[in-house]
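As given, the protein sequences belong to chains A and B, one line each in that order.
Just so we're on the same page, the numbering used here is the position in the first sequence counted from 1, plus 1.
Just so we're on the same page, the numbering used here is the position in the second sequence counted from 1, plus 1.
Each residue gets a CB set at the ideal place from its N, CA and C atoms; glycine is no exception.
These numbers were taken from a predicted model, which means no experiment stands behind them.
Below is one structure, written out as structure tokens; comments come after it.
Number of protein chains: 2
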Amino acid sequence: MSGSSKRSLTVGVLGGMGPEATVDFMARVLAATPARVDQEHIRMLVDHNPGVPDRHAAIAGTGADIGPELAAMARGLETAGADFLVMVCNTAHAYTDAIRAAVRIPFVSIVDVVMAAVAEHPARVVGVMAADGCLQAGLYQQALAAAGREPLLWTAAEQERFMALLWRLKAGERGPAVRSGLQALAASLEFAGAELLLAGCTEIPLVLEQGDTGVRLLSSTDLLVRHTVALALTTSIQEE
Amino acid sequence: MSGSSKRSLTVGVLGGMGPEATVDFMARVLAATPARVDQEHIRMLVDHNPGVPDRHAAIAGTGADIGPELAAMARGLETAGADFLVMVCNTAHAYTDAIRAAVRIPFVSIVDVVMAAVAEHPARVVGVMAADGCLQAGLYQQALAAAGREPLLWTAAEQERFMALLWRLKAGERGPAVRSGLQALAASLEFAGAELLLAGCTEIPLVLEQGDTGVRLLSSTDLLVRHTVALALTTSIQEE
């Protein structure tokens, strides 16, 4: 670009985990950006890499370590010109340290963004809707406990039902069966005492929205979208 | 990645022109990929750069030359690991030479992909629905003439109406007014004798679909999607 101009920050997106969740994130970023013309939108460098091996197997120790691959993606986005990084997958945040160690630019954790929203809500018992790997890594249980909240999880049978729905979502299913299945699982956490629900998996908002649940549902996707847009637009760089 | 594995090709996407069209392209790539799990999807490196200055002004000579910026985006995607490039904007294809000169990997032109589909259709008169810059650069008029087809364009007043609808689309409008406006403009080309219509602007399929027109409508977006998926999946690389 020539001439002196102010530009918003460029967002680097570690994506493809899963594919639909990344495209959904991007669409929500566009919708959340107050732009009337193309040029007022945010630049996003996206590594849409669905080939990252199964996160749940990696965390369980039965699959390959994906830390090096996520670190390489982060470095690639930094080299390409990203000013800060986000990752559209809660479970993969188990590798936050590996990502942060690989780059000099900030990595905005979805867990931190969600916890900032939790802090504004008085709920003591918080229902965590998340995938196996995310729970096994303890991402939200530890953060909630540190914040003086009580994390509430599904029973083993319910968790298994969630994972089955998640695989159907990833296979492209969007019908009422998947939605009502998720609604039932959300209701079960409410009946067990959850005063607030976390959609701690970026596939959940593909079918489940606020209004489908009896208590407030915090969407990790939407919270990351809002934080990303705010950060990119409020911090601008003066160019030559 | 460790171990010997076959992988599909990585697609580099010059995007953000406009933002909605790029996200629409990505969503259509996912839908067109025969995948049941994340890992069967295609890797896309996306430079979603809505800041590229106005293409129409650049082509008209009243705005900055955007060739260098598109070339830099292409080089960045090549460096990041793309095996081939596509660009989700017909008008910006006026800079195809600048992009091809900047990289060693193939750049798949949307115009070539559309013309391959035209070749399979017997139409003599082809209605071109495209934006000002695309027409001023003569991209489809020259390609159609070279293929022995007769390009049919809107009147100046109709072209102005199309551009007004395009800006409304870019501003996020998706209502029936925009759709019926585009339907009327498509019908006008049909009445004037078009036996085939080209949606030669990636914003058009955001609201106008086959079924909205009386004659066959070739969507440049969908044709690029199909070609991209086929190329990425049929050509695979053996990795160490």
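Query raised in the report: Beta carbon of residue 86 of chain B, beta carbon of residue 114 of chain B: below 8 Å?
Result: no
Report task. Return the CA-CA distance between residue 142 of chain B and residue 94 of chain A, expressed in angstroms with no decimal places. Result -> 50 Å
Requested in this report: Please go through the same chain and pick out, in chain order, the residues whose beta-carbon is closer than 7 Å to the beta-carbon of residue 55 of chain B, but skip the five residues on each side of it.
Outcome: 64
**Report entry** Local conformation of residue 220 of chain A per DSSP, three classes
**Finding:** strand
Query raised in the report: Does DSSP put residue 206 of chain B in a helix, in a strand, or in coil?
Result: helix
**Report entry** Between the CA atoms of residue 150 of chain A and residue 1 of chain A - distance to the nearest angstrom
**Finding:** Chain A is shown from 2 up to 241; residue 1 of chain A falls before or after that span and cannot be answered.
**Report entry** Distance, residue 78 of chain B Cα to residue 14 of chain A Cα
**Finding:** 14 Å
Query raised in the report: With C-beta atoms as the reference, is residue 198 of chain A less than 8 Å away from residue 187 of chain A?
Result: yes
Report task. Figure out for me which residue from B/35, B/134 and B/172 has the closest Cα to the Cα of residue 9 of chain B. Result -> B/35
Query raised in the report: By how many angstroms is the C-alpha of residue 155 of chain B removed from the C-alpha of residue 138 of chain B?
Result: 16 Å
Requested in this report: Using only alpha-carbon positions, find the residue among B/123, B/33 and B/225 that is nearest to residue 216 of chain B.
Outcome: B/123
Query - Cβ neighbour criterion (16 or more within 10 Å) applied to residue 192 of chain A - result: exposed
Query - residue 173 of chain A burial status per 10 Å Cβ neighbour count (16 or more: buried) - result: exposed
Query raised in the report: To the nearest angstrom, how far is it from the Cα of residue 120 of chain B to the Cα of residue 145 of chain B?
Result: 10 Å
Query raised in the report: Three-state secondary structure (DSSP) at residue 117 of chain B?
Result: helix
Report task. Could you have a look at residue 51 of chain A and say whether DSSP puts it in helix, strand or coil? Result -> coil
Query raised in the report: Between the Cα of residue 67 of chain B and the Cα atoms of B/166, B/208, B/18 and B/161, which residue gives the shortest distance?
Result: B/18
Query raised in the report: Are there 16 or more other CB atoms within 10 angstroms of the CB of residue 148 of chain A, so buried, or fewer, so exposed?
Result: exposed
Query - Three-state secondary structure assigned by DSSP to residue 44 of chain B - result: coil
**Report entry** Cβ shell of residue 169 of chain B (< 7 Å), same chain only, five flanking positions each side left out
**Finding:** 179
Query raised in the report: For residue 20 of chain B, does the three-state DSSP call read helix, strand or coil?
Result: helix
**Report entry** Within chain A, the residues that residue 82 of chain B reaches when beta carbons sit closer than 8 Å
**Finding:** 77
Query raised in the report: Taking Cβ-Cβ distances shorter than 8 Å, what residues in chain A pair up with residue 50 of chain B?
Result: 44
Query raised in the report: Counting contacts by CB-CB distance shorter than 8 Å, is residue 116 of chain A in contact with chain B?
Result: no
Query raised in the report: Got a sec? Which residues, its chain only, sit under 8 Å from residue 175 of chain B by beta carbon, not counting five neighbours each side?
Result: 207 and 208
Query raised in the report: Under three-state DSSP, which class holds residue 8 of chain A?
Result: strand
Report task. Could you spell out the range, first to last residue, of the beta strand (DSSP E) harbouring residue 200 of chain A? Result -> 197–200
Query - Residue from A/153, A/182 and A/152 with nearest C-alpha to residue 163 of chain A - result: A/182
Query - residue 194 of chain A and residue 153 of chain A closer than 8 Å at C-beta - result: yes
Report task. Determine the closest residue to residue 190 of chain A out of A/128, A/214, A/225 and A/234, with distance taken between C-alpha atoms. Result -> A/128
Query raised in the report: If you drop the 5 nearest sequence neighbours on each side, which residues of the same chain put their C-beta closer than 6 Å to that of residue 107 of chain B?
Result: 85
Query - 7 Å Cβ cut-off: residues of chain A touching residue 161 of chain B - result: Within 7 Å Cβ-Cβ: nothing; residue 161 of chain B doesn't reach chain A, min ~18 Å.
Requested in this report: Can you give me the start and stop residues for the alpha helix (DSSP H) that residue 69 of chain A sits inside?
Outcome: 68–81
Query raised in the report: Rounded C-beta distance between residue 24 of chain A and residue 116 of chain B? I'm assuming under 8 Å.
Result: At roughly 28 Å, the Cβ-Cβ gap does not stay under 8 Å, so residue 24 of chain A and residue 116 of chain B are not in contact.
Query raised in the report: Of all Cβ atoms in chain B, is any one closer than 8 Å to the Cβ of residue 88 of chain A?
Result: no
Query - Cβ shell of residue 4 of chain B (< 7 Å), same chain only, five flanking positions each side left out - result: Residue placement at residue 4 of chain B cannot be trusted, given a pLDDT of 43 that sits under 50; what the coordinates show is reported in the next sentence. Nothing listed; no residue qualifies.
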